[in-house]
Amino acid sequence: MISVSQFVSALKSTGLWTSDPRLRDCMRHLRQAMRESAGTVMVDQKLFRKCVGANILLLTQAFRRKFIIPDFEVFASNMDQLYYSTQRQEGGHVADYIPQLAKFSPNLWGVSLCTVDGQRHSAGDTKVPFCLQSCVKPLEYAIAVHEIGTEHVHRYVGKEPSGLKFNQLSLNDEDKPHNPMVNAGAIVISSLLKPNSNKAERFDYVMEYLKKMAGTEYVGFSNATFQSEKETGDRNFAIGYYLKEKKCFPENADMIAALDFYFQVGLPAKSGVSGAVLLVVPNIMGIMCWSPPLDRVGNSVRGIHFCQNKSVVNLMFAAYSGDVSALRRFALSAVDMEEKDYDSRTGLHVASAEGHVEAVIFLTEMCKVNPHIKDR
């Protein structure tokens, strides 16, 4: 038998947190057992069955190291090293066009990540609420696609890069916003969500959705920032009227309501000018970096440096997906193609394991990656 503390410690080593909503019943049984006992509580067969009952598949995956990141403690240690090396980066200026952003200390720096299996890790100032700003755009887009479908969404919004600034007053050749990640696209996406409901109902709907996305953990709303953004949002109002003129909104859509809603859902107190950078490693994990000082183009200095240092992750993903074009770009950019990940695997190991023959040929013949390095 093992003690409850040992069981919880083993659970955390896999990357699962005790606050994980999937483990709610398991944690409830453990807390109840601890309340009913005066001494050290041991996880006997009866208690183990109670705890594991509804979570047998999840816990089996966890303890057998079947998650997307098998050795999570080593991975988390590497992320911490990357966090501390990035912490030394200085420079940039905190956004000050509204007082709510200007009040943040330039020394704040936090990183949180969550894998597709729900493994989580955080480092630094991750308990300080901040506004998502433009980082809400992919979340809002995901809600729209999930609720009304990709085809309907892209009747009104394109899916190609614009090559212009995010707040540029510009449409594509079909008189649509270029994509959902620019301001014009996000405003139109806002008009597609619950179009027949009033503003309060739509706001509650999106906030509830965001809370579900966050595993029912804290997501707030900064009314002060909302009001300040609205008062200084002349460009977004100009974009809104331009979209209305070009008939970009669905029939009967209220442009002013869409703008109000756009301002609101962009501020759920969780990249924008707040210093947040939301990074996705497809099919593996999402990472949020936050540090208020911005570079001259409006990106978090530390956040961008952290992402650039993750070149090995990008290399591994290109190998994982068999993307020879991406591998070629890395090679031409003088990236060390024999770089290893947290698990001491090279891109060649990953490409081989996934059966990507063309990627294997490129790495061995063109990049001369050593094929004799032992895999895990």
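Residue numbers (the UniProt record's numbering): 1 to 376. Idealized CB from N, CA, C, for every residue including glycine. All values derive from a computational prediction rather than experimental measurement.
query	result
Residue closest to Ala144, alpha-carbon to alpha-carbon, out of Ser3, Leu58, Tyr209	Tyr209
Buried/exposed call for Ser5, threshold 16 Cβ in 10 Å	exposed
Through-space distance from Val52 to Pro21, alpha-carbon basis	14 Å
Whole-angstrom distance between Leu192 and Tyr205, CA atom to CA atom	13 Å
Candidates Val157, Ser190, Ile187: closest to Glu174 by CA position	Val157
Residue range of the alpha helix (DSSP H) that includes Arg24	24-35
C-alpha distance - Phe75 paired with Lys199, whole-angstrom precision	43 Å
Reference Asp25, options Ser3, Ile56, Met42, closest by Cα	Ile56
For Val41 and Thr216, the rounded distance between their alpha carbons	29 Å
Cβ pair count under 8 Å reaching 3, the segment 313-324 against the segment 92-112	no
Complete alpha helix (DSSP H) runs within the segment 285-323 (minimum length 4 residues, chain order)	301-308, 311-321
Length of the line joining the Cα atoms of residue 420 and Met27	Since the first residue shown for the chain is 1 and the last is 376, residue 420 is missing from the structure and cannot be characterised.
Residue span of the beta strand (DSSP E) that contains Cys114, given as start and end	110-115
At least 3 beta-carbon pairs within less than 8 Å: the segment 127-140 vs the segment 31-40	no
Alpha helix (DSSP H) runs contained entirely in the segment 118-204, provided each spans 4 or more residues	137-148, 150-153, 183-192
Neighbourhood of Lys73 by C-beta distance below 8 Å, restricted to the same chain and skipping five residues each side	The residue you asked about is not Lys; residue 73 is Glu in the sequence shown. Here the set comprises Ser13.
As assigned by DSSP and simplified to three states, the class of His93	strand
Extent of the continuous alpha helix (DSSP H) to which Leu58 belongs	56-63
Buried versus exposed call for Arg100 [16 or more other C-beta atoms within 10 Å across all chains shown]	For the sequence presented, residue 100 should be read as Gln rather than Arg. By the neighbour-count rule (16 or more Cβ atoms within 10 Å), Gln100 is buried.
Residue of His349, Glu365, Ser344 minimising C-alpha distance to Ala331	Glu365
Among Asp125, Asp336, Asp80, nearest to Leu315 - alpha-carbon criterion	Asp336
Residue(s) in a DSSP beta bridge with Ser3	Met42
Backbone CA spacing between Tyr262 and Glu338 [nearest angstrom]	Reliability fails at Tyr262, whose pLDDT of 44 lies under 50, so the model's placement of it is uncertain and the value that follows must be treated cautiously. Whole-angstrom Cα-Cα distance: 45 Å.
Gly298 and Ala95 closer than 9 Å at C-beta	yes
Cα-Cα separation, Cys367 to Asp375	18 Å
Top-ranked residue by Cα proximity to Cys177, from Ser197, His154, Cys307	The sequence as given places Pro at residue 177; Cys does not occur at that position. Checking every option, the nearest Cα to that of Pro177 belongs to His154.
From Ser300, Leu294, Arg296, Asp295, residue whose alpha carbon lies closest to that of Met288	Ser300
Contact under 9 Å by Cβ, Gly275 with Phe130	yes
Distance CB(Glu151)-CB(Pro180) smaller than 9 Å	no
Counted within 10 angstroms of its Cβ, other Cβ atoms place Gly355 as buried (16 or more) or exposed	exposed
Own chain partners of Asn283 with C-beta closer than 7 Å, once the 5 adjacent residues on each side are dropped	Val116
Among Ser291, Val357, Ala326, nearest to Gly92 - alpha-carbon criterion	Ser291
Cβ-Cβ separation, Gly15 to Lys119 (assumed contact under 8 Å), whole Å	According to the sequence shown, residue 119 is Gln rather than Lys. Gln119 to Gly15, Cβ: 3 Å. Contact.
Ala10, DSSP secondary structure in three states	helix
Spatial neighbours of Cys114 in its chain, beta-carbon cut-off 7 Å, leaving aside the 5 residues before and after	Arg120, Met285, Gly286
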